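Take a look at the structure below.
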Amino acid sequence: MSTWSPSSWKTKPITQDVRYEDPKEVDDVVTALSRLPPLVTSWEVERLRELLAEAQQGRRFLLQGGDCAESLSDCRSDIITNRQKIILQMSLVLIHGGHRPVIRVGRIAGQYAKPRSKPTEVRGGVELPSYFGDLVNRPEFTPEARRADPKLLLACYHHAAMTLNFVRSLSDGGFADVHHPEYWDLSFFRQAAVPSELLEEYEQTTRKLSEALRFMEALGERTVADLTRVDFYTSHEGLNLHYESAQTRQVPWRKGWYDLTTHLPWIGERTRSLEGAHVEFFRGIRNPVGVKLGPSVSPADAVRLAETLNPDNEPGKLVLITRMGAQRVADALPPVVEAMRRAGRLVLWVCDPMHGNTVSTSSGIKTRNFDEVLREVEQSFDVHEKLGSYLGGVHFELTGEDVTECVGGAVGITERDLERNYATLCDPRLNYRQALEMSFRIARRMSR
Ligand code: PEP
Ligand code: MN
1180 MSTWSPSSWK TKPITQDVRY EDPKEVDDVV TALSRLPPLV TSWEVERLRE LLAEAQQGRR
1240 FLLQGGDCAE SLSDCRSDII TNRQKIILQM SLVLIHGGHR PVIRVGRIAG QYAKPRSKPT
1300 EVRGGVELPS YFGDLVNRPE FTPEARRADP KLLLACYHHA AMTLNFVRSL SDGGFADVHH
1360 PEYWDLSFFR QAAVPSELLE EYEQTTRKLS EALRFMEALG ERTVADLTRV DFYTSHEGLN
1420 LHYESAQTRQ VPWRKGWYDL TTHLPWIGER TRSLEGAHVE FFRGIRNPVG VKLGPSVSPA
1480 DAVRLAETLN PDNEPGKLVL ITRMGAQRVA DALPPVVEAM RRAGRLVLWV CDPMHGNTVS
1540 TSSGIKTRNF DEVLREVEQS FDVHEKLGSY LGGVHFELTG EDVTECVGGA VGITERDLER
1600 NYATLCDPRL NYRQALEMSF RIARRMSR
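Mapped onto my numbering, the consecutive letters of the sequence shown carry residue numbers 1180 to 1627.
Below, the structure is given as structure tokens:
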């Protein structure tokens, strides 16, 4: 294989490439970005690798979640707080169900770049470039907004830094109410007439969590400090390689290169070509790397990806995020899992039950059905259990807000409700209640 450098990706075909008008302007922005301090540190990245290695062995579970497309305008204290809160609550429920620690990873502080199925969008006879995420252009349907603007790379870096700053402060002792599950509002499950045995289970879970947390508190100051300071890691799709490579550097006392825009970058389903620029870039960094795998992936290609991205088969390095769809998972997942086992590759298996279950309503609104999402998670557990491997995590598009984007769940969102508060810039997310309910249902499956 040819020599890697932070810019060797430029010699490969770039899927989903951005057409900037002025390459000089891009170079100037990249130079500016490369001089700014990193968003995360190498020791955090190494720590996450250790945790992921334990998850591979079935000793931890990964919860990854956040917006499909983060936006600059949503960089607000309430939105960030609510998102942290739901991820934290879900993690406590999963710890209770799975009897193992949960690694919390947000799709945050950098999830600004989106791959699109079509390069342009037509509205009322007008054709403009598609919206590729705030890292590239703006969602408004005007020629100015849709122009690819290199300055957005810097604006997103700044917003990622502000988001992360607030997330770190919140993690460091905030969220008193989350640590008192007895105050969680489960009344909507009651109003929604959830079957009594499920409701009883949910209430029992929060009761037990409260007791456990009070017990920890009673043990003393040190434990409480450990408990309320929650570790939180960031992740995003590493789509725009100008942005990723600008913050990729060597650090004193360590070997190798780190992409310090995030702890856990991942390669999307559309950009995971073995010959492409994205695999080239991500094969050279020390960060753990995720790869999305849809139903079209061949087992042989999946193995080749693992060999290329993790040539020394190091633990904690590779996260395979499968997104097969509830209809396909039972037949599409087993051959990939088996091929990986035959090849002796160390990977962490994670299920993204969102991206294989996107449907359009008759009026053309993108949505996902709660039951289908849950079904893919449950079937993924079944597949891994049957094959003697371990499903070590789940990956959700979710928000802490009361949006109406996915249908179903105890809140009973129907297609007619979708217009009420459909706020996503890209794919539909679980809202606060749907996300909490999802965690109860997964915990139930894990405790079996
Ligand atoms: C996403 O995670 O938002 C996404 C585009 O996923 P995928 O690459 O799996 O389609
Ligand atoms: Mn998405």
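We treat Cβ as the ideally placed atom computed from N, Cα and C, and that holds for glycine.
As the structure is a prediction and not an experimental result, all values here were calculated from the model.
Residue interval of the alpha helix (DSSP H) (run including residue i)
i	result
Trp1222	Ser1221 to Gln1235
Glu1416	Premise fails: Glu1416 lies in the beta strand (DSSP E), Tyr1412 to Glu1416, not in any alpha helix (DSSP H).
Ile1621	Tyr1611 to Met1625
Pro1478	Pro1478 to Leu1488
Thr1384	Ser1375 to Leu1398
Arg1325	Pro1322 to Arg1325
Pro1217	Counting along the chain, Pro1217 falls outside any alpha helix (DSSP H), and DSSP gives it neither H nor E.
Glu1557	Phe1549 to Leu1566
Glu1517	Val1508 to Arg1521
Cys1335	Lys1330 to Ser1350
Gln1195	Taken as a continuous stretch (DSSP letters only), Gln1195 belongs to no alpha helix (DSSP H), as it is neither H nor E.
Gln1370	Ser1366 to Gln1370
Check whether residue i and residue j have beta carbons under 8 Å apart
i	j	result
Val1301	Val1197	no
Thr1546	Leu1597	yes
Val1590	Ala1371	yes
Phe1411	Val1346	yes
Ala1511	Pro1474	yes
Gly1245	Arg1226	no
Leu1343	Leu1241	no
Thr1441	Gly1571	no
Phe1619	Thr1413	no
Tyr1611	Glu1580	yes
Gln1165	Val1209	The structure shown has nothing for residue 1165, since the chain only spans 1180 to 1627.
Val1458	Leu1499	no
Pro1526	Leu1497	One detail in the question is off: residue 1526 reads as Val in this sequence, not Pro. Yes, the pair counts as a contact, with Cβ atoms nearer than the cut-off.
Pro1532	Val1552	yes
Pro1494	Gln1235	yes
Leu1251	His1359	no
Ser1559	Val1430	no
Leu1215	Ala1292	no
Leu1420	Phe1460	yes
Asn1492	Arg1465	no
Met1341	Cys1254	yes
Leu1365	Ile1282	no
Glu1249	Ile1287	yes
Thr1450	Pro1185	no
Tyr1437	Val1224	yes
Glu1647	Pro1329	Only positions 1180 to 1627 of the chain appear in this structure, which leaves residue 1647 out of reach.
Trp1188	Ala1391	no
Leu1632	Leu1271	Missing from the structure shown is residue 1632; the chain here goes from 1180 to 1627 and no further.
Ala1324	Tyr1199	no
Anticipated Cβ contact below 8 Å, residue i with residue j, distance rounded
i	j	result
Leu1333	Ala1211	6 Å
Tyr1310	Pro1318	5 Å
Arg1608	Glu1557	With a Cβ gap of about 20 Å, Arg1608 and Glu1557 do not count as contacting.
Ala1485	Val1515	With 8 Å as the limit, Ala1485 and Val1515 do not qualify as a contact, their Cβ atoms being about 10 Å apart.
Glu1448	Arg1502	7 Å
Pro1467	Leu1443	5 Å
Glu1454	Pro1192	7 Å
Ala1622	Gly1276	2 Å
Glu1517	Asn1536	Not a contact, Cβ separation roughly 24 Å.
Gln1195	Pro1280	Actually they are not in contact, since the Cβ atoms of Gln1195 and Pro1280 sit about 35 Å apart, beyond 8 Å.
Phe1367	Tyr1381	11 Å between Cβ atoms; not a contact.
Glu1616	Thr1603	The pair is not a contact, with the Cβ atoms about 19 Å apart (cut-off 8 Å).
Val1470	Trp1432	That pair is no contact at about 29 Å.
For residue i: DSSP bridge partner residues
i	result
Gly1572	Leu1241
Arg1428	Tyr1437
Ala1496	Sequence inspection shows Lys at residue 1496; the Ala mentioned does not correspond to that position. Paired residue(s): none; Lys1496 is not in a bridge.
Ile1592	Gly1587
Lys1203	Beta-bridge pairing links Lys1203 to no other residue.
Leu1251	According to DSSP, which records beta bridges pairwise, Leu1251 is partnered with nothing at all.
Ser1539	Lys1545
Lys1293	Answer by DSSP bridge pairing: none, since Lys1293 is not bridged.
Thr1501	Leu1472 and Cys1530
Leu1577	Leu1609
Residue interval of the beta strand (DSSP E) (run including residue i)
i	result
Thr1299	Thr1299 to Arg1302
Tyr1437	Trp1436 to Asp1438
Leu1307	Val1305 to Pro1308
Val1526	Per DSSP, Val1526 belongs to no beta strand (DSSP E) and is neither H nor E.
Just list the beta strand (DSSP E) runs in the stretch 1253-1286, keeping only unbroken ones of 3 residues or longer that don't cross its boundaries, in chain order.
-> 1281-1286
Alpha helix (DSSP H) runs contained entirely in the stretch 1443-1468, provided each spans 4 or more residues = 1456-1461
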